[in-house]
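*Asks:* Here it is, the structure in full.
Number of protein chains: 4
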Amino acid sequence: MDEAAARGRKSIGAKRNPESADAIVKAAEAVLREAGYAGFSIEAVARRARAGKPTIYRWWPSKAALLIEVYQRQKRVETPDTGNIEDDLAGFLENLFAHWRDTPSGNIFRSLIAEAQSDETAAAALAEYSKGRRGHTGRMIERAKARGEVAADVDAGIVADLIASFAWRHLLAGRLDEDDAAIRAAVRYITRGIRAIPGKV
Amino acid sequence: MDEAAARGRKSIGAKRNPESADAIVKAAEAVLREAGYAGFSIEAVARRARAGKPTIYRWWPSKAALLIEVYQRQKRVETPDTGNIEDDLAGFLENLFAHWRDTPSGNIFRSLIAEAQSDETAAAALAEYSKGRRGHTGRMIERAKARGEVAADVDAGIVADLIASFAWRHLLAGRLDEDDAAIRAAVRYITRGIRAIPGKV
Amino acid sequence: MDEAAARGRKSIGAKRNPESADAIVKAAEAVLREAGYAGFSIEAVARRARAGKPTIYRWWPSKAALLIEVYQRQKRVETPDTGNIEDDLAGFLENLFAHWRDTPSGNIFRSLIAEAQSDETAAAALAEYSKGRRGHTGRMIERAKARGEVAADVDAGIVADLIASFAWRHLLAGRLDEDDAAIRAAVRYITRGIRAIPGKV
Amino acid sequence: MDEAAARGRKSIGAKRNPESADAIVKAAEAVLREAGYAGFSIEAVARRARAGKPTIYRWWPSKAALLIEVYQRQKRVETPDTGNIEDDLAGFLENLFAHWRDTPSGNIFRSLIAEAQSDETAAAALAEYSKGRRGHTGRMIERAKARGEVAADVDAGIVADLIASFAWRHLLAGRLDEDDAAIRAAVRYITRGIRAIPGKV
DNA sequence: GCTTAATCGAGACGGTACGTCTAGTCTTTTC
DNA sequence: GAAAAGACTAGACGTACCGTCTCGATTAAGC
Chain A
1 MDEAAARGRK SIGAKRNPES ADAIVKAAEA VLREAGYAGF SIEAVARRAR AGKPTIYRWW
61 PSKAALLIEV YQRQKRVETP DTGNIEDDLA GFLENLFAHW RDTPSGNIFR SLIAEAQSDE
121 TAAAALAEYS KGRRGHTGRM IERAKARGEV AADVDAGIVA DLIASFAWRH LLAGRLDEDD
181 AAIRAAVRYI TRGIRAIPGK V
Chain B
1 MDEAAARGRK SIGAKRNPES ADAIVKAAEA VLREAGYAGF SIEAVARRAR AGKPTIYRWW
61 PSKAALLIEV YQRQKRVETP DTGNIEDDLA GFLENLFAHW RDTPSGNIFR SLIAEAQSDE
121 TAAAALAEYS KGRRGHTGRM IERAKARGEV AADVDAGIVA DLIASFAWRH LLAGRLDEDD
181 AAIRAAVRYI TRGIRAIPGK V
Chain C
1 MDEAAARGRK SIGAKRNPES ADAIVKAAEA VLREAGYAGF SIEAVARRAR AGKPTIYRWW
61 PSKAALLIEV YQRQKRVETP DTGNIEDDLA GFLENLFAHW RDTPSGNIFR SLIAEAQSDE
121 TAAAALAEYS KGRRGHTGRM IERAKARGEV AADVDAGIVA DLIASFAWRH LLAGRLDEDD
181 AAIRAAVRYI TRGIRAIPGK V
Chain D
1 MDEAAARGRK SIGAKRNPES ADAIVKAAEA VLREAGYAGF SIEAVARRAR AGKPTIYRWW
61 PSKAALLIEV YQRQKRVETP DTGNIEDDLA GFLENLFAHW RDTPSGNIFR SLIAEAQSDE
121 TAAAALAEYS KGRRGHTGRM IERAKARGEV AADVDAGIVA DLIASFAWRH LLAGRLDEDD
181 AAIRAAVRYI TRGIRAIPGK V
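Going line by line, the protein sequences match chains A, B, C and D.
To convert, note that position 156 of the first sequence is 156 in the UniProt record's numbering; the numbers rise steadily by one, no gaps.
To convert, note that position 168 of the second sequence is 168 in the UniProt record's numbering; the numbers rise steadily by one, no gaps.
To convert, note that position 128 of the third sequence is 128 in the UniProt record's numbering; the numbers rise steadily by one, no gaps.
To convert, note that position 119 of the fourth sequence is 119 in the UniProt record's numbering; the numbers rise steadily by one, no gaps.
Rendered as C-alpha cells:
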C-alpha cells in the first residue's frame, strides 16, 4: 500500500528523493481517480502522499504542472492501422473513449483542460501536448494520402483537429458513453469529405 | 455608475428585488471581465454588487448557475442563411469566434465549461444549454437537406456536434484567432462529406 | 398544539393581536426549554410561533426584552414562613433550586443574566427585577428581626444579597444539583452570623 | 504599536510562533476593552492581530478558550494575610472589586461567564478555573481555623463559595462600585457565623 | 357604509460572523 | 543542501442570524 510505504519516509540528504516524487504523482493520480477534479488540491495530494506541501511546490510549481506529469504517466492510446482511413479514425476514437472511460486518464485530462482555463502554464503545456498529439493523429491521414485514399491537398492537421475536437467535447460534456454508431457517422462524414476523387490528380 | 445605484438598495418586500438580481449579474460579468475566471468568486461578486452573499445564494445555488445566467444575458450569435451550407456554417463559426474573441462571452463560456468539470450542477446546466444550441445549429443542416444540398440520411445532430466541437476546442485551447481559411477548410471537409450525390435518391 | 393554533392566524385590525403576542412568548419559552440559550434566536422564535420577525420586533425591541417577558410569565417561588429564619432561607433556596432545575425558568434566567452582559436594556431590566426580589427575600429577614431572632442592626438587603448571590452562582455554574446539606451549611453560617445575641439590645 | 509589529509576521517553521500567539491574545484583550463582549468575535480578533482565522482556531478551539487565556494573562488579585479573617476576606473582596473595576479583567470574566451559558466547553473551563480559585480562597479560611479563629468543623469550600458568589453577583449585576461598608457588612455576617465559640472544642 | 390606518404573516434585503478549507510561503530539524 | 513537517497570512466557502423593509390581506375605528 502506498501510504504504508510512505510512513516514515525521510529525506535522503541533499538530493531529490525519487520515492517522494513517485509517491506524490501516485497520490495525485489516486486523488483524481477517487475525488475527481473537484477534490484535487495540493493539500489533498500532500496528505495522501504523506509529503509536505513545500516538497510538492519545489518540484511542480503549480497544480497544472502536477496534472501534466500525472497525465503523461498514463498509457497512450494506440492509433490503429487497418489500411482504411475510416476504420483507423473510428477505431482510434473508440479506443480513446474507452480509455478515458475506464482509466483515470479521462478525469485527468478533463482536469488539465479545466485548469488551463485559469492557469497560463497549464494552457501552454496543454498547447504543447496537443501539438504532439496532432502530429500523431495526422500520421494516420498522411498514410491514407500515401495510399491514395485521401486527396493530396487535404490539410492533415485540420482533419486531426476535427477528430480531436470531437473527442474533447465528448469528454468535457460527459458524453463518453455515446454509442459507436455516432462515432462512426461523424468519422464517415469527415472521411467522405476528404477522399480522393477517382480520376482526379 | 452601478455601484452608486446600489447604494441603499433595499428589500422591496417578500419578493425578489429585480434591481438586486440585475446588479448581481452585472457585477458577475464585470468581475469575469476584469479578473477572469481565476478571480471569480461569489464573495467578489457580492462585494462588487454591494449585495449580501446570502442574496446570491438564494437565487443562484452555485457559481455555475450564476455563470449560466451571465452567459445567457450576452448577445446571441446569428446563424446566417445564405442558401449555401458551407457558407452558412463557415459564417456561423466566423461570427462565433469573433463574438467570443471580442466580448466577454468567450471567457464566460470557457469558465462555465471549466466549472462543469468539477461541479455536477454546472455540468447538467451546460448539457441542457448545449442541447438547445444543437437544435439551433441543426436547423441550418435541415434547411440544406430541404434544398437537396445535403443527403437526406445525414444526422443533423451529429453534424451540429462536429461544428460545436470544433468551436469548443478552439475556445478552450485559446485558438480563436486562427485565420478564416482554417475554418473554411474544416467546414468544407464536413460539408463535402455530407452533400447529396447528384442523381442519387 | 400551539403550532396548529397558529396556522392562519391573521391581523385583527389596527390593534395588537393578543393571540400573536401569546404565541410568540410561548414559542420563546419552548425554544429556550428545548435548545437553551445557545439556540435562542429571534429567527427561531418567529419560525416556531409562525410569526413574522417584524411582529416580534414591533413589540419587543430586543432579545433581552423578550427574555424578560418570558421570565416574568414564569411562576414565582414561594418564600416559606416556618417561624425559623434558617429553615425559611434554606427552604427558599431548596425550592428555588428545584424550580430552576425542573422548569425552563432556570434556563431562562441564566439567559437573561448572560444577555445582560452585552445588552444595556437587559442589564437595566435585570437590576429592576433584582431590586424587587431583594425586597421579597428581605421580608423573611425582617420577620425574623421582629421575632427577635435576628439582630436589629442587621441590614436585611445585604443578607438577601448573600442569599441571591449564592443562588445565582449555582445557577450560572451549573451546580443546581448540589445536595441540600451544602445549602443548609451555607445558610447556617449566615444565620448564625446575624442572630440576635440573647440579653443584648 | 502592536499592529506595526505584526506586519509581515510569518511562520517560523514547523512549530508554533509565539509572536503570533502573543499578538492574538493581546488583540483579543484590546477588542474586549474597546468593544466589549458584544463586539468580541474571532473575526475581529484575527483582523486586529493581523492573523489568519485558522491560526486562532488551531490553538484555541473556541471563543471561550481564548477568553480564558486572556483572563489568565491578567494580573492576579492578592489574598491578604492580616491575621484576622474578617480583614482578610474583606480586603480580598475590596481588591477584587477594584481590580475588576479598573482593569479589563472584569469585562473579560463577565464575558467568560456569559459565554459559559451557551457553550459547553466554556462552562467546563470555567468550572475548572473556579475549582482552583475556590481552593485559593479556602486557604484563607484554613489559616483562620489553624489560628483558632474559625470553628474546626466549618467547611472552607462552602465559605469560599459564599465569598465568590457575592463577588460574581456584583460583577454580573454591574454593582462593583458599591461602597466598602456593604462588603464589610456581608463579610462580617459570614465570619461571625463561622467563628470558633470560646471554650467549646 | 366607506375609508383609513395599524396589524398580521411572509420573506427578501444588505450585512456580519461563523468554523472549515485551500493557497502559497517560510523556517527548523533531520538526513 | 534537499526533504519533511507543519505553522503562517490570506481569503473563499456556504450557512445562520441580525434588524429593516415592503408587500398584500385583514379588520376595527373614524368619518
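Where is the CB? At the ideal position from N, CA and C, for every residue including glycine.
Excluding five sequence neighbours on each side, which residues of the same chain lie with their C-beta closer than 7 Å to the C-beta of alanine 114/A?
*Replies:* Reading the first sequence from its first residue, position 114 is the one you call residue 114/A. Cβ within range, chain order: Tyr37.
*Asks:* For serine 118/A, decide whether its Cβ has a neighbour in chain B, counting only Cβ atoms nearer than 7 Å.
*Replies:* If you number the first sequence from 1, residue 118/A lands on position 118. Yes, contact with chain B.
*Asks:* Distance, Cα to Cα, alanine 5/D vs threonine 103/D?
*Replies:* Looking up residue 5/D in the fourth sequence gives position 5. Looking up residue 103/D in the fourth sequence gives position 103. With a pLDDT of 47 at alanine 5/D, under the threshold of 50, the predicted position of this residue should be treated as unreliable, though the coordinate-derived value follows. Roughly 24 Å separates the two Cα atoms.
*Asks:* Just mark arginine 110/B as buried or exposed, buried being the case when its beta carbon has 16 or more other beta carbons within 10 Å.
*Replies:* Working through the second sequence from its first residue, we reach residue 110/B at position 110. Classification of arginine 110/B: buried, given that the 10 Å Cβ count is 16 or more.
*Asks:* Should alanine 116/A be labelled buried (16 or more other beta-carbon atoms within 10 Å of its own) or exposed?
*Replies:* Along the first sequence, one-based indexing puts residue 116/A at 116. The residue is buried, with at least 16 neighbouring Cβ atoms inside 10 Å.
*Asks:* Give a yes or no on whether the C-beta atoms belonging to valine 159/B and isoleucine 183/B are separated by under 7 Å.
*Replies:* The residue you call residue 159/B lines up with position 159 of the second sequence. The residue you call residue 183/B lines up with position 183 of the second sequence. No, the pair does not count as a contact, with Cβ atoms beyond the cut-off.
*Asks:* Grouping DSSP H, G and I as helix and E and B as strand, with all else coil, what is valine 154/C?
*Replies:* To locate residue 154/C, count along the third sequence from 1; it is residue 154. Residue state, collapsed to three classes: coil.
*Asks:* Does the structure place the segment 92 to 103 of chain A close enough to the segment 75 to 82 of chain A that three or more beta carbon pairs sit under 8 Å?
*Replies:* The segment 75 to 82 of chain A is in contact with the segment 92 to 103 of chain A.
*Asks:* Relative to the alpha-carbon of arginine 147/C, which residue among Arg133/C, Ala65/C, Ile190/C, Ala196/C has its alpha-carbon at the smallest distance?
*Replies:* Within the third sequence, numbered from 1, the residue matching residue 147/C stands at position 147. The option with the nearest alpha carbon to arginine 147/C is Ala196/C.
*Asks:* Using DSSP's beta-bridge definition, name the partner residues of arginine 195/C.
*Replies:* Position 195 of the third sequence, counted from the first residue, corresponds to residue 195/C. Val150/C.
*Asks:* When Cβ atoms are compared, which residues of the segment 162 to 173 of chain D fall closer than 9 Å to chain C?
*Replies:* Hits within the stretch, in order: Leu162, Ala164, Ser165, Phe166, Ala167, Trp168, Arg169, His170, Leu172, Ala173.
*Asks:* Using C-beta distances below 8 Å, list every residue in its chain close to isoleucine 190/D, excluding the 5 sequence neighbours before and after it, in chain order.
*Replies:* One-based indexing of the fourth sequence puts residue 190/D at position 190. Around isoleucine 190/D: Leu89, Val159, Leu162, Ile163.
*Asks:* Since isoleucine 24/A contacts alanine 51/A with CB under 8 Å, what's their CB separation in whole angstroms?
*Replies:* Counted from its first residue, the first sequence places residue 24/A at position 24. Counted from its first residue, the first sequence places residue 51/A at position 51. Yes, they are in contact, since the Cβ atoms of isoleucine 24/A and alanine 51/A sit about 6 Å apart, within 8 Å.
*Asks:* Measuring only the C-alpha atoms, how far is methionine 1/B from alanine 124/B?
*Replies:* Reading the second sequence from its first residue, position 1 is the one you call residue 1/B. Reading the second sequence from its first residue, position 124 is the one you call residue 124/B. Because the pLDDT at methionine 1/B is just 39, under 50, the model does not fix this residue reliably, and the value given afterwards should be weighed accordingly. Rounded to the nearest angstrom, the two C-alpha atoms are 35 Å apart.
*Asks:* Quick check on DSSP: helix, strand or coil for glutamine 72/C?
*Replies:* For the purposes of this step, residue 72/C is taken as the residue at position 72 of the third sequence. Correct three-state label for glutamine 72/C: helix.
*Asks:* Got a sec: is the Cβ-Cβ distance from arginine 110/B to anything in chain A below 7 Å?
*Replies:* Along the second sequence, read from residue 1 onward, the residue named residue 110/B stands at position 110. Taking Cβ atoms only, chain A reaches closer than 7 Å to arginine 110/B, which makes this a yes.
*Asks:* Closer than 6 Å by C-beta to alanine 27/C: which residues in its own chain qualify, once you throw out the five before and the five after it? Chain order, please.
*Replies:* On the third sequence, residue 27/C is found 27 positions in, with the first residue counted as 1. Val45, Arg48, Ala49, listed in sequence order.
*Asks:* Give me the chain A residues within the contact set of alanine 160/B, using Cβ-Cβ distance strictly less than 7 Å, ordered along the chain.
*Replies:* As a working mapping, residue 160/B is identified with position 160 in the second sequence. The premise fails here: alanine 160/B is roughly 11 Å from chain A at the closest Cβ pair, so nothing lies under 7 Å.
*Asks:* Starting from threonine 55/C, follow the alpha helix (DSSP H) in both directions and report where the run begins and ends.
*Replies:* In the third sequence, the residue the question calls residue 55/C occupies position 55. Unbroken alpha helix (DSSP H) run through threonine 55/C: 53 to 59.
*Asks:* Per DSSP, what kind of secondary structure is methionine 1/A in: helix, strand or coil?
*Replies:* Taking the first residue of the first sequence as position 1, residue 1/A is located at position 1. Residue placement at methionine 1/A cannot be trusted, given a pLDDT of 35 that sits under 50; what the coordinates show is reported in the next sentence. The answer is coil: DSSP assigns methionine 1/A none of H, G, I, E or B.
*Asks:* Of the residues that make up the segment 125 to 152 of chain B, which ones have a beta carbon closer than 8 Å to any beta carbon in chain A?
*Replies:* Taking 8 Å as the Cβ-Cβ cut-off against chain A, the residues of the segment 125 to 152 of chain B that qualify are Leu126, Ala127, Ser130.
*Asks:* Spatial neighbours of phenylalanine 40/A within its chain, please: CB distance less than 7 Å, with the 5 preceding and 5 following residues excluded, ordered by chain position.
*Replies:* Locating residue 40/A in the first sequence gives position 40, counting from the first residue. Cβ neighbours of phenylalanine 40/A beyond the five flanking positions: Val31, Leu32, Ser111.
*Asks:* Check whether the Cβ of glycine 83/C lies closer than 7 Å to any Cβ atom in chain D.
*Replies:* Numbered from its first residue, the third sequence carries residue 83/C at position 83. By this cut-off, glycine 83/C is not an interface position.
*Asks:* Mind checking if alanine 35/B is an interface residue toward chain A, Cβ cutoff 7 Å exclusive?
*Replies:* By 1-based counting over the second sequence, the position of residue 35/B is 35. No, alanine 35/B does not count as interfacial toward chain A.
*Asks:* Which residue's Cα is closest to the Cα of leucine 93/C: Ala186/C, Arg192/C, Leu126/C?
*Replies:* Taking the third sequence and counting its residues from 1, the one referred to as residue 93/C is at position 93. Of the candidates Ala186/C, Arg192/C, Leu126/C, the one whose C-alpha sits nearest the C-alpha of leucine 93/C is Ala186/C.
*Asks:* Quick check on isoleucine 190/C: does DSSP put it in helix, strand or coil?
*Replies:* For the purposes of this step, residue 190/C is taken as residue 190 along the third sequence, with counting starting at 1. Here isoleucine 190/C sits in helix by DSSP.
*Asks:* Can you give me the C-alpha to C-alpha distance between arginine 134/D and arginine 58/D, rounded to a whole angstrom?
*Replies:* Here residue 134/D corresponds to residue number 134 of the fourth sequence, with the count starting at 1. Here residue 58/D corresponds to residue number 58 of the fourth sequence, with the count starting at 1. Approximately 31 Å between the Cα atoms of the pair.
*Asks:* With H, G and I counted as helix, E and B as strand and the rest as coil, what does DSSP make of arginine 139/A?
*Replies:* Here residue 139/A corresponds to residue number 139 of the first sequence, with the count starting at 1. DSSP places arginine 139/A in helix when its eight states are reduced to three.
*Asks:* Would you identify the three-state DSSP class for serine 118/A, choosing helix, strand or coil?
*Replies:* Within the first sequence, numbered from 1, the residue matching residue 118/A stands at position 118. Of the three classes helix, strand and coil, the one that applies to serine 118/A here is coil, per DSSP.
*Asks:* Quick check: what's the CA-CA separation for alanine 35/D versus glycine 193/C?
*Replies:* If you number the fourth sequence from 1, residue 35/D lands on position 35. If you number the third sequence from 1, residue 193/C lands on position 193. Between alanine 35/D and glycine 193/C, the C-alpha separation is close to 42 Å.
*Asks:* Give the DSSP-derived three-state secondary structure of arginine 110/A in the structure shown.
*Replies:* Taking the first residue of the first sequence as position 1, residue 110/A is located at position 110. In this structure, arginine 110/A counts as helix in the three-state DSSP scheme.
*Asks:* Closest to proline 119/D by CA distance: which of Ser11/C, Gly174/C, Glu19/C is it?
*Replies:* Against the fourth sequence, residue 119/D aligns to sequence position 119. The sequence given here places aspartate at residue 119/D; proline does not occur at that position. For aspartate 119/D, the nearest C-alpha among the options comes from Gly174/C.
*Asks:* Taking a Cβ distance cut-off of 8 Å, strictly less, list which residues of the segment 179 to 193 of chain B are near chain A, in chain order.
*Replies:* Result list: Ala182, Ala185, Ala186, Arg188, Tyr189, Ile190, Thr191, Arg192, Gly193.
*Asks:* Among Ile85/C, Ala151/C, Arg73/C, Asp153/C, which one has its Cα closest to the Cα of glutamate 29/C?
*Replies:* By 1-based counting over the third sequence, the position of residue 29/C is 29. Taking only the C-alpha atoms, the option nearest glutamate 29/C is Arg73/C.
*Asks:* Comparing C-alpha positions only, which one of Arg139/A, Asn95/A, Lys63/A sits nearest to threonine 121/A?
*Replies:* As a position in the first sequence, residue 121/A is number 121, starting the count at 1. The option with the nearest alpha carbon to threonine 121/A is Lys63/A.
*Asks:* Please state whether DSSP places alanine 176/A in a helix, a strand or coil.
*Replies:* Mapped onto the first sequence, residue 176/A falls at position 176. Residue identity differs from the one stated: residue 176/A is leucine in this sequence, not alanine. Leucine 176/A: coil per DSSP, three-state reduction.
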